[in-house]
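In this note's numbering, the protein residues as written are 8 to 118. This report refers to the structure that appears directly beneath it.
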C-alpha cells in the first residue's frame, strides 16, 4: 500500500437488514421464542386462575419484554447477550479457598 492509498473502515454498518434499529431476523426468532413462553404462561394463568384480564396483561407484558430484551443497543449488545455473558463469566471463575496457616511462629509459641 502506498502513501496515497488510505484504508477506509466503515463504522456502524450492520451485517443484516433490520426492521427497526437493533432488531433483525435473529432478534425476531428470539422474540418469537420468548413470546411463545409468554403465551404458554398466560394460557396456564387463564386455565388455573380463570382471569382473562390477568392472562392478557401477562401475555402483552411477555411479548413486549421479549422484544425489549432482544433488541440490540448502539454497542451491538442486547440484554439477553449481557445475561449470557454474565453466566459464561460466572461459570469460568474458579474458586480457590484460602486456608491461613501460621508459617512463622513467634518465639515461645507452641505448634
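A virtual CB, placed ideally from N, CA and C, is assigned to each residue, including glycine. The structure displayed is predicted, hence computed values, not measured ones.
### Query
Do three or more CB pairs link the stretch 82-90 to the stretch 99-114 at distances below 8 angstroms?
No, the stretch 82-90 is not in contact with the stretch 99-114.
### Task
Look up residue 31 in the DSSP assignment and give the residues it is bridged to.
25
### Query
Taking the continuous alpha helix (DSSP H) assigned at residue 88, which residues delimit it?
86-99
### Message
I need the straight-line Cα distance from residue 52 to residue 60, nearest angstrom please.
### Response
10 angstroms
### Helix, strand or coil at residue 42 according to DSSP, with G and I counted as helix
helix
### Task
Go ahead and label residue 12 buried or exposed: buried means 16 or more other beta carbons lie within 10 angstroms of its beta carbon, across all protein chains shown.
exposed
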